[in-house]
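Some notes on the structure that comes next.
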């Protein structure tokens with residue numbers, strides 16, 4: 401897009417030579433036209449910078465999926481190892497959480513947490 405603006409500057413400056421007789425006004429307009437591409441490029445870069453800032457911000461989902469998943473696993477463990485055994489003597493049958501699905505998720509999350517802790521201890525993480 402900038403190359404398109406650059407290509408238009410030459411012909412517009414040529415038209416100024418034919419239309420405007422005042423030399424000072426002609427030079428001022430030619431200067432304004434030639435700096436127009438730089439101003440536009442600067443505005444585009446500032447707009448992209450604002451977009452990058454917004455994209456770099458974390459949102460609620462990014463910061464809360466791991467705690468939510470951990471709470472689901474905690475709830476499953478609570479049902480399987482606390483509520484179900486306590487309810488059994490009273491004749492209540494509580495459905496069990498499927499540990500074959502929950503354990504790989506939990507172990508993966510614990511592995512990520514351990515790796516993150518190791519990075520922080522070694523000082524190679526992003527928050528030094």
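In the numbering used here, the protein residues as written are 401 to 528.
Yeah, the Cβ is synthetic: ideal placement off N, Cα and C, and Gly gets one too.
(request) Please report the Cβ distance between residue 494 and residue 483, rounded to the nearest whole angstrom; I am assuming they are in contact, meaning their Cβ atoms lie under 8 Å. (result) So it is a contact: roughly 6 Å between Cβ atoms.
(message) Considering only their Cβ atoms, is the gap separating residue 480 from residue 499 smaller than 9 Å?
(response) The answer is yes: Cβ separation under 9 Å.
(request) Taking all protein chains shown into account, decide if residue 476 is buried (16 or more other Cβ within 10 angstroms of its Cβ) or exposed. (result) Using a 10 angstroms sphere on the CB of residue 476, the tally of other CB atoms reaches 16 or more, which defines it as buried.
(message) Taking the straight line between their C-alpha atoms, what separation do you get for residue 441 and residue 430?
(response) If you take the alpha carbons of residue 441 and residue 430, they lie about 18 Å apart.
(request) Figure out for me which residue from 471, 492, 489, 466 has the closest Cα to the Cα of residue 513. (result) Distances from the alpha-carbon of residue 513 to those of 471, 492, 489, 466 put 466 closest.
(message) Comparing C-alpha positions only, which one of 510, 435, 487 sits nearest to residue 471?
(response) The option with the nearest alpha carbon to residue 471 is 510.
(request) Give the range of the alpha helix (DSSP H) segment to which residue 514 is assigned. (result) Taken as a continuous stretch (DSSP letters only), the alpha helix (DSSP H) holding residue 514 covers 499–522.
(request) With residue 448 as the anchor, note down where its alpha helix (DSSP H) starts and where it stops. (result) Run containing residue 448: 423–456, per the alpha helix (DSSP H) assignment.
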